[in-house]
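Chains A and B, in that order, are what the protein sequence lines are. Sequential numbering from 1 applies to the first sequence in the numbering used here. Sequential numbering from 1001 applies to the second sequence in the numbering used here. All C-beta atoms in this analysis are idealised placements derived from N, C-alpha and C, irrespective of residue type, glycine included. A quick note: this is a predicted structure, and the numbers were derived from the prediction, not measured. Following: one structure in structure tokens, then a few remarks.
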Amino acid sequence: MRSDRKIEALRQHLKTLEAAGHPVDDARFDLGLEAADRHLGGLATHGLHEVYAATTPDATAALGFALGLVRRTAGDRPVVWGVQAMAELETGRIYGAGLRELGLDPGRLVLVRVKETKELLAAGEEALAGGAVGAVLLTAWGESKVLSLTATRRLSMAAGQGRATALLTRLAAQPQPSAAETRWRIRGALSRALEAEAPGHPTYAVELLRHRLGAQPRSWIMEWDRERGVFEQGGQNAGHEQPQRPALSGGLVSPAADRSAEARGEGLRRYG
Amino acid sequence: MLVEKVKGALRLAAANGSALALGLSPGMTLADARARAPDIRVEPHRPEADTALLRRVLLDFGRFTPMAATDGPDGLALDVTGCAHLFGGEEGLIRAVGARAEGVGLATRLALAGTPEAARALARFGPGGIYQGEDQSQALRRLPVAALEVSDKEIQALSRAGLKTLAHLADRPTAPIAARFGAAAATRLNRVLGREDVRIRPERPVPLISVDRVLVEPITETPDIEAVIGDLLVEAMDRLDLRGQGGRAFQAGFFRLDGEVRHITVRTGRPSRDAAAVLRLFRERLANLARPLEPGFGFDQMRLSVTVADRLASRQRGFEAAPSTAEDLGRLIDRLTARLGPEAVSRFEPIESHWPERAVRLIPAAHPPAAHSLGEIVAWPEPDPADPPLRPLQIFDPPQPVLATAEVPDHPPNRFIWRRVDHRLVRVEGPERLAPEWWRRVQAPLEPTRDYYRVEDQEGRRFWLFRSGFYGEEPAPRWFLHGVFA
């Protein structure tokens, strides 16, 4: 009996520890793509989500996917986008007209340009905690010690405090442990060609690397529908029940078969 | 003793008390002066150094009143209306000013009177002191006519007429004086006697609202400084409330014990009366100053001024609903701007132009949009629902030169090399032909027309390429990567 009670007390204690830096409520948002939403069970609205660009040339795809999430979660509320100078230097400046073309209102977006990762985090925390915005998108360049477990936990707490969604896009960096609710790896994917073989709508190879609530790593091909503001089944075989992955280059394999990715996932879970 | 060269001769420009006691006076030649007093110490006169010193003193004397101005090359005029109580009345103020000047080694004569001109005359031609009412007119009447500071010729004329002091003039009607000695003399007389009040023109623009705190004990610690700013802000906000205004720019003045003065300004995007929010801005600024605020031996006075204000309806406090998002966002923008600078925090604004580089501009987010846009507000172009994005999410500025090949000249490209990576294109759309805005540039050579292509490579990355110029023309066309689609 006594040991039972002790274990129960420890469990309670563990819960309070876990609660620190994690969403204060159960508010969730989804992607609009049913297959993915069923798998994910929604994404925490007042939490931190990380989006990695698989390779540097996939940076714009990663930003596009993150902006899709921003649109899903923030709706008509203002958005702050913090960008590290190096990211814009390497992958191009953020273009207002292009934001409009993805279905976001550029007039509702405040662009904050910083040099250092530290400044990026500080600005992000400030914007999140103030409660004035629906989402804060941060774009960091390169590997950084500053983006530690503690720093991401702070972001996550600020998101809870200000009831906003925190999205951290990381370019030219390998996934590493953090306090994020979910972690994604994005690369561009071949679009469904329009008439006369014209490039189609934004299409991404989306890979879920980690989900704090335990959803298994998986990948999808998603197409962004600007008009409805939802992700849809994408790729050349869209419409078929089981999407093949002929469009993907060798780097991306189905997670179940990818032992190394699985192993890395295990390691991350232990940290997170 | 200072000398300067006047018409080829070295003449005394200024002399100190002991030199004056020896019978030397400014204007005398150096040779004459040496003859009278052989062992005088002579230095060249440097008027610019005097001016610089006077300016520094002026800045420091800003602690007594915001309405301070230089008066000639060797005087200061302070409008102390409503300021004296801070220093324990007029006598206290005069004592404080005197002590401050003595502290930096200046000999002064101070006078305080009802009008600036009267005070000037009393200081320069009279004994100095504090005058008001009947005392003031009596003291002014005793001054010599030189106090009018009109030209020597007129002074001589006045003396010759037997008019030696202002009293002689004061009782006479003004019209004959103007007729005989010139209008200037009459005007000056009225001003000096305080019949006409001409306000001084302060050096820095007078703030709309200014609150001061004279500190008995100089402070050096940041929390103390912030606490004082906080107190002053609350006071200033109350005054703004009375005027039905909100401040757009707040300036904190830090008066250091040794005379250094530092001003720090923060701005808000929209009129504000929120002391806590503005204090946060100051905190940000103070923490991120390029040149830190060096308290040295401490600040002995602080001032808070509201330099720009706009209408902001007075509101009943405590009955407000939760602040609206727009207001919150404004505050957030202000805080970020205070920390990172106005250029770092921006928002997009569309411009009516088809030329990609010109179609969007970034403006500091702290500016209210209405005040900034020229003429009509342009709306973002509405994309066609069926189209995929036709403009990239990111663009390169300037466009990046790439090596592109097309099967046949004038055809869409089928591959391009950028950053040493070969991109084989599987989807291409184009061209979209954009001609430069020839009506904008008259002088500079016009850029060639651009043919834009939306392309996708076999890895599923979408790019915006353009060919600059046409085949068969000089110079040969070149290919550029302008942007990347999501």
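Item, Value
"Between VAL1080 of chain B and ASP1071 of chain B, what straight-line distance do the alpha-carbon atoms span, to the nearest angstrom?", "15 Å"
"Hey, how far is the Cα of ARG1256 of chain B from the Cα of LEU137 of chain A?", "43 Å"
"Can you find a C-beta in chain E that's less than 7 Å from the C-beta of VAL1345 of chain B?", "Absence of chain E from the displayed structure is noted, the protein chains being A and B."
"Where DSSP assigns a beta bridge to SER1353 of chain B, which residues make up the other side?", "Answer is none; SER1353 of chain B lacks a bridge partner."
"Using a C-beta to C-beta distance shorter than 7 Å, which residues of chain A count as neighbours of GLY1269 of chain B?", "In chain order: nothing, as chain A lies at least about 11 Å away."
"Do we get a CB-CB distance below 7 Å when we pair ASP1397 of chain B with the residues of chain A?", "yes"
"For VAL1455 of chain B, go through chain A and note every residue whose CB falls closer than 8 Å to its CB, in chain order.", "PRO199"
"Quick one: is GLY1375 of chain B near chain A, going by C-beta distance under 7 Å?", "Note that GLY1375 of chain B has pLDDT 48, beneath the 50 cutoff, so the model's placement of it is unreliable and the number below is only indicative. Closer than 7 Å: no."
"Within 10 Å of its beta-carbon, does ARG1331 of chain B have 16 or more other beta-carbons around it, so buried, or fewer, so exposed?", "buried"
"Which residue from A:LEU168, A:ALA179 and A:ALA193 puts its Cα closest to that of ILE186 of chain A?", "A:LEU168"
"Do three or more CB pairs link the region 1394-1405 of chain B to the region 79-98 of chain A at distances below 8 Å?", "yes"
"According to DSSP, which residues form a beta bridge with THR182 of chain A?", "A:HIS49 and A:HIS211"
"Should LEU1425 of chain B and ARG1450 of chain B be called a contact, given that it needs their Cβ atoms to be closer than 7 Å?", "no"
"Buried or exposed: where does PRO1073 of chain B fall if 16 or more other Cβ atoms within 10 Å of its Cβ makes it buried?", "exposed"
"So, is ALA129 of chain A buried or exposed, given that buried needs 16 or more other C-beta atoms within 10 angstroms?", "buried"
"Using a Cβ-Cβ distance cut-off of 7 Å, determine whether GLN1301 of chain B contacts chain A.", "no"
"Under 6 Å Cβ to Cβ from ALA1167 of chain B, same chain only, skipping five residues before and after it: list those, please.", "ARG1141"
"Round the Cβ separation of ALA1068 of chain B and PHE1061 of chain B to the nearest angstrom and send it over; I've been treating them as touching at under 8 Å.", "5 Å"
"Starting from HIS39 of chain A, trace the beta strand (DSSP E) both ways and give me its first and last residue.", "No beta strand (DSSP E) holds HIS39 of chain A; the alpha helix (DSSP H) holding it covers 34-40."
"Give a yes or no on whether 7 Å exceeds the smallest Cβ distance from LEU1281 of chain B to chain A.", "no"
"Is ALA172 of chain A close to chain B, meaning its C-beta is less than 7 Å from at least one C-beta of that chain?", "no"
"Tell me where the beta strand (DSSP E) around SER1025 of chain B begins and ends.", "Premise fails: SER1025 of chain B is in no beta strand (DSSP E) and is neither H nor E."
"Of all the options A:GLY42, A:GLU50 and A:GLU181, which has the alpha carbon lying nearest to the alpha carbon of LEU171 of chain A?", "A:GLU50"
"When you compare only the Cα positions, how much space is there between ALA1489 of chain B and GLY1469 of chain B?", "This structure leaves residue 1489 of chain B out entirely; chain B is present only between 1001 and 1486."
"Name the DSSP beta bridge partners of ASP1457 of chain B, please?", "B:LEU1425"
"List the residues that DSSP assigns as beta-bridge partners of ALA205 of chain A.", "A:ARG187 and A:ILE221"
"Answer yes or no: does any C-beta atom of chain A fall closer than 7 Å to that of VAL1402 of chain B?", "no"
"What are the start and end residues of each continuous alpha helix (DSSP H) run of 4 or more residues lying completely inside the region 1085-1149 of chain B, in chain order?", "1089-1103, 1116-1125 and 1133-1141"
"What span of residues does the alpha helix (DSSP H) with ALA123 of chain A cover, start to end?", "117-129"
"Roughly how many angstroms lie between the CA atoms of ARG71 of chain A and PHE29 of chain A, to the nearest whole one?", "11 Å"
"By Cβ distance, which residues of its chain are closer than 8 Å to ALA1321 of chain B, with the 5 residues on each side in sequence left out?", "Here ALA1321 of chain B scores only 42 on pLDDT, less than 50, and its place in the model is too uncertain to base an answer on."
"Just the Cα atoms here: how many angstroms apart are LEU1293 of chain B and ARG1262 of chain B?", "8 Å"
"Only counting the same chain, and skipping five residues up and downstream in sequence, which positions put a Cβ closer than 6 Å to that of GLU1004 of chain B?", "ALA1013 and HIS1045"
"Show which residues of chain B have a CB atom less than 9 Å away from the CB atom of PRO106 of chain A.", "ARG1347, PHE1348, GLU1349, PRO1350, VAL1360 and TRP1380"
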